[in-house]
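Each protein sequence line maps, in turn, to chains V, B and A. The first sequence lines up with residues 808 to 1118 when you count with the working numbering. The second sequence lines up with residues 11 to 179 when you count with the working numbering. The third sequence lines up with residues 69 to 269 when you count with the working numbering. Input: a single structure, listed below in C-alpha cells.
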Amino acid sequence: MIVRRALTVGGIVAAFAIASVGPALADDLADYLADASDAVYSGRRVVGTTWDGFESVGLVDVQHLGGMATVGSGSSNATVGEGRMRLNGPNEAALSFIGVTKFDLDARYSVSSGAMTEHLGRPAHILEVVEAGFLRMKMIVDNSTSAAVATEVYAGDGTVFRYSSMIEFSVSVDPEMAMTDEHPYEMMLPVDQVGLPIDAAGYQLVDVYAGPQGANQAFYTDGLFSFSVFTMDGRVNWESALDDELPYAADRFSYFRVINPASLWVTWNAPGIAIALVGDLPPDHLEEVLSELPRPGTNGWMTRMWNRLFG
Amino acid sequence: MTDELAPTWEDVAHRYGRKIYNFAYRLTGNPDDAADLVQEVLLRVRKGLPSYQPGSFDGWLWRITRNAFLDGIRKKKRRPESALPEGDHHALGSSPSPDEVLSSIRLSDDVQSALLKLPYEFREAVVLCDVVGLTYDEIAEATDAPVGTVRSRIHRGRKLLRGMLTWPV
Amino acid sequence: MAGLTFDPDRHGELFSAYLDGQLTPEEVMIVSELLDGDEEAIRDFVALRKVRASLRLLPEFEVPAALLPDGHLGDRLSAYLDGELVTLEHRRVTKHLVDCVECRAELQELDRARIAVRSLPGVETTMTGEIPATPVRHRRRSIVAGGIGAAAAAALLVGLAMGGGDEPVLVLNDLATHHMARASAEPGFAVLPSAIEVVAP
Chain V
808 MIVRRALTVG GIVAAFAIAS VGPALADDLA DYLADASDAV YSGRRVVGTT WDGFESVGLV
868 DVQHLGGMAT VGSGSSNATV GEGRMRLNGP NEAALSFIGV TKFDLDARYS VSSGAMTEHL
928 GRPAHILEVV EAGFLRMKMI VDNSTSAAVA TEVYAGDGTV FRYSSMIEFS VSVDPEMAMT
988 DEHPYEMMLP VDQVGLPIDA AGYQLVDVYA GPQGANQAFY TDGLFSFSVF TMDGRVNWES
1048 ALDDELPYAA DRFSYFRVIN PASLWVTWNA PGIAIALVGD LPPDHLEEVL SELPRPGTNG
1108 WMTRMWNRLF G
Chain B
11 MTDELAPTWE DVAHRYGRKI YNFAYRLTGN PDDAADLVQE VLLRVRKGLP SYQPGSFDGW
71 LWRITRNAFL DGIRKKKRRP ESALPEGDHH ALGSSPSPDE VLSSIRLSDD VQSALLKLPY
131 EFREAVVLCD VVGLTYDEIA EATDAPVGTV RSRIHRGRKL LRGMLTWPV
Chain A
69 MAGLTFDPDR HGELFSAYLD GQLTPEEVMI VSELLDGDEE AIRDFVALRK VRASLRLLPE
129 FEVPAALLPD GHLGDRLSAY LDGELVTLEH RRVTKHLVDC VECRAELQEL DRARIAVRSL
189 PGVETTMTGE IPATPVRHRR RSIVAGGIGA AAAAALLVGL AMGGGDEPVL VLNDLATHHM
249 ARASAEPGFA VLPSAIEVVA P
C-alpha cells in the first residue's frame, strides 16, 4: 500500500551517522553494483520519495538472490531481475527483455567510500556516489552481504529526493523463492528507432521495444538511473484520467506527474503523440531530459512557433 | 511484414524442431528437458513472431532457444549447471581408466557424459557448433559474446573433451 | 614466419577454428606452417579432429511427435478468445477456423465454458461469443481483487480519445511493469529499490 501526502515543513530525516573517513572499501561503482546484485538477503524495506512538498512512501517485503529480487506486498508479488519480471497476484504479467544492449556506467559518476557505520546492528560502511562534484547518492552497504541496506538520492538542491531503508534484514531467503514457475514469459524484442533523441541529458537511448497496448517503449539509462519513454499515437486525456496525478510545470511547459515511492511517472501530449515517462531519475535530471524530448503541445504549428520564439 | 514473408510458427517447428531438441538433449543429456525446451521455444517463437523484424532469423531463433534454456535451468536451480567462471577451472576428473576406453558401440554415450562434465559456456559453444551446426558468427549472436570468445570456448571445450576421452590405438 | 614454435593453447585454438572453416587466409597459412613437420602440432591437430568428428557423429534424435504442431490450433484458441493474439496471428487463426470444422467445434466448447464462468457475479467480461471477423483491440482488465477499490483501479485506466473508431486503452500500471522489467537488466537495479509500484499500487 502506498501512502501519498503533502508534507508540511520538516520533511524526512534519514539517519546517516558520519564518523571519520575510514579505509576505501570500493573504489569502483560498477564493481560495487555487481556485488550488490549478488547479495543474498531478505527483509522489509521502506521506500519513499519527496518532491516539491509531496511525499509518497511504501513498505515492501523483499527477497534477494542471484541478481533477482522477489518483492511483495499483500496479495501481490513480483520476481524481477536480469531483464525478466514475473508479476503474481491480481494483475499477472511475465515479461522478458532479451537481447538487452549493455551500457556502461556514465563517466560522470564516481564513488568514494569510508565511514564505518551500522545498520540494524550489523557492521556497514558508507558509499557516496558523486556526480561531477555533487553528492548524488549515499548508500549504507552491509559489510557481509554487500546489500545496500539504506540509500538516499539527492535532488539538485541537495535535499533528499528518494530514500530507502531496510527495517528488517536477514541473510537467509525463503526457499520458496527458488520454486519453479510454469508460466511462459512474454518476450519483448527490440524494434527500430522511433524518432526520439539518442542522447538526452546524459542518458542514452539503449533500446526501443514494442511496448504494451500499442505503445513503444524507449529505454534510456546513464548506467545508474534509468527511465522508459512510452509513446503512442493520438492524445490522452491525462487530466481526468488519474486520481493521483499532480500538475507539474517544467520550464514553462505543463505536464502531469505521479509520485511513487521508487519511481516517478510524467505524462503529457506532444503534437500527435501521447507520452508517458516512467523512471527513477532525480528531478533535476528529469527537467533536463524533458527539455530534450518532444514538448507538450497540441498543434504542431503552434508548438514549433512557440519553441522557436521561446524554447 | 506480410503473411507471405514471415515464417509461420508451424514452419519453425518443423524446420528447426529437431535441432532445438538435440541442442537441449546434448546440453542436458535428458530427453524430458529437451522436450520441455522445444515446447518453450516454440511458445516464445509464436509470441515473438508478430514483432520479429526481418534480419538474421537463425540468430533470433537461437537467442530465443538459448534464453529459454537458461530460464529453464534458472527456474529449476537458480544457477546454471557447472557455472564455473571461465578463467578459473581445473582439469576435470582423472585420466580415464582402462575400463573407460571407448569401444565404438559406447562412443556416443561416453561423448555425451563427457559433454555434461564441461563447464556450461564451453558445453554450449561446442554443442552449438558441432551438434547444431551454427557458424561462429551465429553462435556469437546467439550467446551475446564476441566471436573471439566463441572461438576460444569451442577450442577449450574440445580440448577438455579430448582429455576425458581416449580412443583405441 | 619461419621457425614457429607450436604453442598448444594459442595454436590449438587456430586448429579448432581451421577445422570449422573459420580462419582468415593469413591464419590458414600459420596452420599449414605449423603442421609442416611439427610432430606435436600434428598430434594435437589429429586429436582435435577426432573429438570434433565424434561430436559431429553423435546421433541426432527425432523430436517426439507430440511436440510438433499438427496443424490444429490447440491452446491458441484460449488466447484467441481472450483477445490476446496480436493482429497477424489473429488473422491466421481466424483463417484456420474458417477452414477447419474440428477447431471451430473446439472453440465453441471453450467459449461455452467461459460464458458459464463469466456469468458468476463480480467477474468482468468482454466476450460476445462470436468469432470476430477483424482483429479485436484488447481491453485490459484493471480491477484488482482485494487491495484497491474500484475507483482507484479505474484511476489507473487511461482512455485514449480518438475521433471515431477503436478506443485502445493505455494502462499506466502496465507501463510501470514494462519499465521495471527492462530496468532490472541494468546494474543500478541492485541499489535503487523498485517494483513496489507494481505490487502495492
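Glycine is no exception: its CB is placed at the ideal position from the N, C-alpha and C atoms. None of these values were measured; they are calculated from a predicted model.
- For R168(B), no chain V residue has a C-beta closer than 8 Å to its own C-beta; the minimum C-beta separation is roughly 28 Å.
- Here the segment 890-899 of chain V does not lie against the segment 1001-1015 of chain V, with fewer than 3 beta-carbon pairs under 8 Å apart.
- In this model, S863(V) and E993(V) are separated by some 31 Å (Cα to Cα).
- Going by beta carbons, V259(A) and A885(V) fall outside the 8 Å limit.
- Residue contact with chain A for Y130(B): absent (no Cβ-Cβ distance below 8 Å to any residue of chain A).
- Using a Cβ-Cβ cut-off of 7 Å, N32(B) is close to E128, F129 of chain A, given in chain order.
- Considered as a whole, the segment 1032-1117 of chain V harbours 1045-1048, 1090-1099, 1107-1117 as its complete alpha helix (DSSP H) runs of no fewer than 4 residues, in chain order.
- The alpha carbon of E935(V) has as its nearest neighbour, out of G1104(V), E1095(V), T1074(V), Y839(V), the alpha carbon of Y839(V).
- Secondary structure of D835(V) (DSSP, three-state): coil.
- Annotation for S917(V): the continuous beta strand (DSSP E) segment containing it runs 916-926.
- Each residue's CA atom was taken as its position, placing I933(V) and L53(B) some 46 Å apart.
- With a cutoff of 8 Å on beta-carbon distance, L91(A) and L82(A) are scored as near each other.
- Using a Cβ-Cβ cut-off of 8 Å, R891(V) is close to A249, S252 of chain A, given in chain order.
- The beta carbon of V137(B) lies closer than 8 Å to those of F33, R36, L37, L125 in the same chain, with the five residues before and after it left out.
- Between G27(B) and chain A, the shortest Cβ-Cβ separation is below 8 Å.
- In chain order, E265, V266 place their CB closer than 7 Å to the CB of A244(A), counting only its own chain and leaving out the 5 sequence neighbours on each side.
- S953(V) has its alpha-carbon roughly 6 Å from the corresponding atom of D842(V).
- In the three-state reduction of the DSSP assignment, Q90(A) falls in the coil class.
- Per DSSP, the continuous beta strand (DSSP E) segment holding I974(V) begins and ends at 967-977.
- The continuous stretches of alpha helix (DSSP H) do not include Q1020(V), and DSSP gives it neither H nor E.
- Neighbourhood of A843(V) in chain A, by CB distance below 7 Å: A258, V259, in chain order.
- Around G874(V), the same chain offers S844, D845, G888, E889 as residues with beta carbons nearer than 8 Å, after the five sequence neighbours per side are excluded.
- Interface criterion met: the Cβ of I164(B) is under 8 Å from a Cβ in chain A.
- A957(V) and V1065(V) have their C-alpha atoms some 24 Å from each other.
- Per DSSP, A23(B) lies in no beta strand (DSSP E) segment; the continuous alpha helix (DSSP H) that holds it begins and ends at 19-38.
- Using a 10 angstroms sphere on the CB of L942(V), the tally of other CB atoms stays under 16, which defines it as exposed.
- Here the segment 1017-1025 of chain V lies against the segment 1033-1042 of chain V, with 3 or more beta-carbon pairs under 8 Å apart.
- According to the DSSP assignment, D868(V) belongs to the beta strand (DSSP E) that extends over 861-872.
- Going by DSSP, A109(A) is part of the alpha helix (DSSP H) stretching over 107-124.
- Straight across, the Cα-Cα distance linking R893(V) with R172(A) is about 33 Å.
- Secondary structure of Y148(A) (DSSP, three-state): helix.
- In this structure, DSSP gives H932(V) an extended state, which the three-state scheme calls strand.
- Residues of the same chain with a CB within less than 8 Å of the CB of S1061(V), apart from the 5 flanking positions on each side, are P1054, Y1055, W1075, P1103 in chain order.
- Interface with chain A (8 Å Cβ-Cβ cutoff): D140(B) is included.
- Distance from the CA of P1068(V) to the CA of R851(V), rounded to the nearest whole angstrom, comes to 14 Å.
- P64(B) and P127(A) have their C-alpha atoms spaced approximately 33 Å apart.
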